[in-house]
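In my numbering, the protein residues as written are 106 to 283.
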């Protein structure tokens, strides 16, 4: 009889019914709780900003592909090659066109948008398949502070040159530029 009881108690330890799962038998060794599985968190997306000088990309006051300067084409070719051959996961690419303050606000807004759209079309033509958005900041975000005058003289154009740019914002999990 003792052997039968011992055998039954041992069987209860090895195969506890589903309904009595939480019941702890005094004669059974306590179950060890399973260690939680630790999963590494996904890397947080990072934003990388690349400033492309519009004067290096386009002829002054121009925005089309035919107005791209040789240096501008080379810069965009290099950027496209990095984006196409990368090992990173890119969530999005945002292109923001900026202008100087010469000209009307509406004209500068449109010029900045056309430049951003031209860069987008050029990158897509070179094989960049990541989502690309475009927008214009026009003349609203200048980086120059000490350029004086309102007439478009050569000196003022040269002083305002840093304001004319296209900013590339790459959002992803790994850096693209080197």
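Glycine included, every Cβ here is placed at the ideal spot set by N, Cα and C.
This structure is a prediction, so every number in the text was calculated from the model and none was measured.
- With respect to residue 272, residue 203 sits close: the two C-beta atoms are nearer than 8 Å.
- Counting along the chain, no beta strand (DSSP E) covers residue 181; the unbroken alpha helix (DSSP H) around it starts and ends at 175-190.
- For the options 154, 187, 172, 252, the alpha carbon positioned closest to that of residue 161 is the one of 172.
- In the three-state scheme derived from DSSP, where H, G and I count as helix and E and B as strand, residue 144 is classed as coil.
- One Cα belongs to residue 176, the other to residue 275, and the distance between them is close to 22 Å.
- Ranked by Cα distance from residue 208, the first of 243, 153, 190, 197 is 243.
- Rounded to the nearest whole angstrom, the C-alpha separation of residue 219 and residue 174 is 16 Å.
- In this structure the stretch 143-159 lies against the stretch 251-270, because at least three pairs of beta carbons, one per stretch, are closer than 8 Å.
- Runs of the beta strand (DSSP E) lying entirely within the stretch 231-272 and spanning at least 3 residues, in chain order: 237-243.
- Under the three-state reduction of DSSP output, residue 276 falls in the strand class.
- Your pair residue 148 and residue 206 does not check out as a contact, with CB atoms roughly 40 Å apart and the cut at 8 Å.
- Look at residue 202 here: in three-state DSSP terms it is strand.
- A direct Cα-Cα distance of roughly 17 Å separates residue 217 from residue 228.
- Counting along the chain, residue 158 sits inside the beta strand (DSSP E) bounded by residues 151-158.
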